[in-house]
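Participant: Can you read through this structure? Questions will come right after.
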Amino acid sequence: MSKLIFELSSVGRRCSELPPLDVELIEFDEALTRQSTPSIPEVAEVDLVRHYMELSRQAFGVDNGFYPLGSCTMKYNPKINEETSSLAGFAQIHPLQPESTVNGALQSMDELSSALCEVTGMDAFTLQPSAGAHGEFTGLLLIHAYHQHRNDLKRTKVLVPDSAHGTNPASAAMAGYSVISVPSNDKGGVDVDALKSALSDEVAALMLTNPNTLGLFDPNILEISRLVHEAGGLVYYDGANLNAIMGIARPGDMGFDVVHLNLHKTFSTPHGGGGPGSGPVGVKSCLIPFLPKGTLHPTEKKLTVSSEFPIGRMRSFYGNFLTNIRALTYILSLGGEGLKEASENAVLNANYMMAKLSDLYPVAYVGPCMHEFVVSCQKLKDETGITAKDVSKALLDYGIHPPTMYFPNIVHEALMIEPTETESKETLDRAIDVLREIHALAYSNPQVLLDAPKTMPIKRVDDVLAARHPILKYTPEGAQ
Ligand SMILES: Cc1ncc(COP(=O)(O)O)c(C=O)c1O
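Numbered according to this note's numbering, the sequence shown spans residues 8 to 487.
Following this line, the structure appears as C-alpha cells:
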C-alpha cells in the first residue's frame with residue numbers, strides 16, 4: 008500500500024517558494040490568528056508528483072482500459088472536451104461577474120439547454136443539479152411544488168418499479184414521499200395491471216428508467232404514461248440510460264413530464280473519481296414556473312431571472328459550469344446524426360456481447376437488449392461455487408473493470424454489462440474471450456478465481472466492515 012501524503016511529510020520540506028515580501032507587513036490581532044500550525048503535509052515537489060502519479064496508476068478509469076460498468080455508461084471522454092473547458096473565457100470567469108461580461112458563457116448555457124430540450128423533447132432545462140441523484144431530488148421537488156400549487160395536497164406517494172436504481176426510492180423519500188414499489192412483469196417491464204392497482208389520487212408521480220436497468224425498452228410506455236396522467240400524477244424519467252436512445256426516441260414524446268440526464272454518462276463528461284458530475288433536469292412547460300433559482304430562463308435568456316414559484320436553489324450558482332461546457336462540446340462535435348449513431352452503436356455493441364456470452368452466462372430476460380444487458384451467474388454458482396463477485400474480481404487481473412454486480416436486485420447473482428459505443432470490436436472480443444476463460448476456470452481451477460485479484464494493490468476487502476466502519480479520515484499518530 009502506498010503511504011498517505013501526510014505520512015510522507017517532513018518538517019520544513021517545501022515544494023513552493025514565496026517571493027520576498029514587498030509590501031508592508033500587517034500584524035493581525037492574536038485573537039484572529041491560529042494558535043498552532045495546521046497539520047498540512049510538508050513535501051518536496053518531486054515527492055508530491057510521484058505520490059499522485061502512483062495513486063493515479065492505482066485507480067482504474069476509462070483511460071486505463073475497458074470499463075463495462077452497467078448503468079454507468081463509462082464511455083470514453085474525448086480530450087477535446089478538456090480543451091474547450093479550459094479556455095480562459097470559460098475557466099477564468101467568476102459567477103458573480105456582471106452578466107454583460109460573460110455573454111459567451113450565457114450563450115453556451117443556452118445552447119446546451121436547447122440541445123438537451125431537442126434530444127429529450129422537453130421545454131426547458133435547469134443546469135443546476137450536480138449529479139443524477141441530485142437531479143432526481145430536484146425533479147421531485149418540482150413535482151411537489153406543482154401539486155401544491157394546484158392545491159392537490161393528497162398526493163403523498165411516488166411509484167417506483169422494483170427494477171429501479173436505488174437512488175430513485177431514496178430521492179423520493181428525501182423529498183418527503185412514501186415509496187410504493189411496482190413489480191416487473193415476466194418480460195422485465197412494468198406490470199401494467201399492478202401499476203393500475205397502485206394508482207390513485209394519492210400518487211404524485213411514477214419514476215421510470217426507460218430503457219430500464221435490465222437494458223430493456225418498455226413497449227407499454229405510452230399506456231403507462233397515459234394511466235399515470237389519467238390518475239392526476241406526473242411521470243418522471245430517470246435519464247441514466249439515455250445512451251440507448253439519443254436521436255431515436257424522446258422521453259418527452261413518451262409522455263414524461265420531468266427528465267434528469269447524467270451528462271457524466273451519456274454526454275461523455277468525466278465520471279467516477281474523475282467528476283464532478285452534472286445532472287440537468289428538463290421539464291415540460293407546466294413545470295417551468297417552479298424551476299430553481301439560477302436557471303437560465305428559456306425565453307428571457309437571463310441568469311438573474313428567477314422563476315415564478317421557485318423551489319429554491321439546488322446548489323451554488325449555475326451548476327458545474329465547466330462540466331456543462333464539456334457536454335456541449337461533445338454534442339457540437341457529434342451533431343444530431345452523430346448522437347444517433349452513438350446510441351445505435353451502443354446498442355449494437357451490447358447485443359454483440361450478449362449474443363457471444365449468453366450460452367455460458369444466461370441472460371436474465373431474453374430478447375434483444377438496448378445499451379446493456381444483465382446476466383445471471385446463479386447456475387455457475389450452483390455448479391462451481393463461483394459467484395458473480397468472483398468473476399468480477401478475476402476480471403481485474405485481466406485489466407478489465409468489473410461490470411455492475413448484484414444489481415438490479417430482481418436478478419440473482421447479476422452482472423450488468425454495458426460496453427458503450429466507444430469500444431472497438433477487438434476490445435469487445437477480448438472481453439468476451441476473458442469472460443469465457445473465467446467461466447472455464449470456474450470448472451477446472453476455481454481456486455485461481457477465489458484468489459483473485461492478484462495484481463491489484465488491494466485484494467479482497469471485507470465489504471461488511473468497509474460499509475459499517477469506514478475509515479474516512481486520517482488521524483495522525485498520537486492525535487485523538
Ligand atoms: C439508473 C440510474 N439512475 C440514477 C443514477 C444516479 O446517478 P448519479 O450517480 O449521477 O447520482 C444512476 C447511477 O448510476 C443510475 O444508474
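Ideal Cβ placement from N, Cα and C applies to all residues, glycine included.
Would you be able to state if there are at least three C-beta pairs under 8 angstroms between the stretch 46-56 and the stretch 286-304?
Facilitator: Segments in contact, no.
Participant: Pick from Val197, Phe97, Tyr74, Leu422: whose alpha carbon is nearest that of Tyr405?
Facilitator: That would be Tyr74, whose Cα lies nearest to the Cα of Tyr405.
Participant: If you draw a straight line from the alpha carbon of Ser178 to that of Asn452, how long is it in whole angstroms?
Facilitator: C-alpha separation (whole angstroms): 44 angstroms.
Participant: Which residues share a DSSP beta bridge with Leu215?
Facilitator: DSSP lists Tyr244 as partners of Leu215.
Participant: Kindly confirm or deny that the stretch 107-125 and the stretch 356-370 touch, where touching means at least three C-beta pairs closer than 8 angstroms.
Facilitator: These segments do not touch.
Participant: For Tyr243, which of Asp264, Gly280, Leu422, Ile255 has the nearest alpha-carbon?
Facilitator: Residue Asp264 is the option with its Cα nearest to Tyr243.
Participant: Do the CB positions of Met321 and Gln135 come within less than 8 angstroms of each other?
Facilitator: Yes, they are a contact pair.
Participant: State yes or no: is the C-beta of Met173 within less than 8 angstroms of the C-beta of Gly254?
Facilitator: Position check: residue 173 holds Gly in this sequence, whereas Met was assumed. No, the Cβ-Cβ distance between Gly173 and Gly254 is not below 8 angstroms.
Participant: Quick check on Ala395: does DSSP put it in helix, strand or coil?
Facilitator: Three-state result, Ala395: helix.
Participant: Let me confirm a value: Lys548 is counted as buried when at least 16 other C-beta atoms fall within 10 Å, else exposed. Which label applies?
Facilitator: Only positions 8 to 487 of the chain appear in the structure, and residue 548 is not among them; the question remains open.
Participant: Enumerate in chain order the residues of its own chain whose CB-to-CB distance from Thr482 is below 7 angstroms, with the five nearest sequence positions on each side excluded.
Facilitator: There are no such residues.
Participant: Per the DSSP calculation, Lys194 is bridged to which residue(s)?
Facilitator: None; Lys194 has no bridge partner.
Participant: From the DSSP secondary-structure annotation, give me the bridge partner or partners of His267.
Facilitator: Bridge partners of His267: Asp245, Val288.
Participant: Can you pull the DSSP bridge partners for Met412?
Facilitator: Answer by DSSP bridge pairing, in chain order: Leu422.
Participant: Can you grab the Cα-Cα spacing for the pair Phe224 / Val288, in whole Å?
Facilitator: For Phe224 and Val288, the distance between alpha carbons rounds to 21 angstroms.
Participant: Could you check if His101 is buried or exposed, using at least 16 other CB atoms within 10 Å of its CB as the buried criterion?
Facilitator: It counts as exposed.
Participant: Under 8 angstroms between C-beta atoms, does Ser17 make it to chain E?
Facilitator: Within the model displayed, chain E is absent; a lone protein chain is all it includes.
Participant: In chain order, which alpha helix (DSSP H) runs of at least 4 residues are fully inside the stretch 80-131?
Facilitator: If we require 4 residues or more, the alpha helix (DSSP H) runs fully inside the stretch 80-131 come out as 86-92, 95-98, 110-127.
Participant: Specify the secondary structure class of Phe468 as computed by DSSP and reduced to three states.
Facilitator: Checking the sequence, you will find Val at residue 468 rather than Phe. In the structure shown, Val468 sits in coil (DSSP, three-state: anything other than H, G, I, E or B).
Participant: Would you be able to state if there are at least three C-beta pairs under 8 angstroms between the stretch 454-464 and the stretch 434-444?
Facilitator: No, because fewer than three Cβ pairs between the stretch 434-444 and the stretch 454-464 fall closer than 8 angstroms, the two stretches do not touch.
Participant: Using only CA atoms, which one of Leu329, Val468, His378, Ala474 lies nearest to Gln99?
Facilitator: Among Leu329, Val468, His378, Ala474, the Cα nearest to that of Gln99 is on Leu329.
Participant: May I have the straight-line CA-CA distance separating His419 from Met412, to the nearest angstrom?
Facilitator: Cα to Cα, the separation comes out at about 10 angstroms.
Participant: Answer with buried or exposed for Tyr450, where buried requires no fewer than 16 other C-beta atoms within 10 angstroms of its C-beta.
Facilitator: Answer is exposed; the Cβ neighbour count stays below 16.
Participant: Does the beta-carbon of Asn416, which I'm using as the reference point, lie nearer than 7 angstroms to any heavy atom of ligand 1?
Facilitator: No - ligand 1 has no heavy atom lying nearer than 7 angstroms to the Cβ of Asn416.
Participant: I want to check one thing, is the minimum distance from the CB of Thr275 to the heavy atoms of ligand 1 below 7 angstroms?
Facilitator: The amino acid occupying residue 275 in the given sequence is Ser; Thr does not appear at that position. No, the Cβ of Ser275 stays beyond 7 angstroms of every heavy atom of ligand 1.
Participant: Taking one C-beta from the stretch 265-274 and one from the stretch 232-239 each time, how about it: are there three or more such pairs within less than 8 angstroms?
Facilitator: These segments do not touch.
Participant: For Cys376, is the beta carbon positioned less than 7 angstroms from some heavy atom of ligand 1?
Facilitator: No, since every heavy atom of ligand 1 falls outside the 7 angstroms radius drawn around the Cβ of Cys376.
Participant: Under DSSP, the beta strand (DSSP E) around Val382 begins and ends at which residues?
Facilitator: It spans 380-383 - the beta strand (DSSP E) in which Val382 sits, taken as one unbroken run.
Participant: Return the residue from the list Ala38, Phe13, Val50, Thr80 that minimises the CA-CA distance to His278.
Facilitator: Closest option to His278, Cα to Cα, is Thr80.
Participant: Does the beta carbon of Thr427 fall short of 7 angstroms from some heavy atom of ligand 1?
Facilitator: No; taking the cut-off as 7 angstroms, the Cβ of Thr427 has no heavy atom of ligand 1 nearer than that.
Participant: Comparing C-alpha positions only, which one of Gly19, Thr44, Ile407 sits nearest to Ala51?
Facilitator: Ranking the options by Cα distance to Ala51, first place goes to Gly19.
Participant: Can you give me the Cβ contacts of Met181 inside the same chain, cut-off strictly under 7 angstroms, excluding the 5 residues immediately before and after it?
Facilitator: Phe144, listed in sequence order.
Participant: Considering Lys164, what are the terminal residues of the beta strand (DSSP E) in which it resides?
Facilitator: Its beta strand (DSSP E) spans residues 164-168.
Participant: Looking only at its own chain, which residues have a Cβ that is under 7 angstroms from the Cβ of Val186, when we skip the five neighbours before and after it?
Facilitator: Only Val165, Val167, Pro176, Ala179, Ala180 meet the Cβ criterion.
Participant: Is Gly284 a contact residue of ligand 1, with contact defined as CB to any heavy atom under 7 angstroms?
Facilitator: Yes; taking the cut-off as 7 angstroms, the Cβ of Gly284 has a heavy atom of ligand 1 nearer than that.
Participant: May I ask you to check if the CB of Asn541 is nearer than 7 angstroms to at least one heavy atom of ligand 1?
Facilitator: Any question about residue 541 goes unanswered here, given that the chain covers just 8 to 487.
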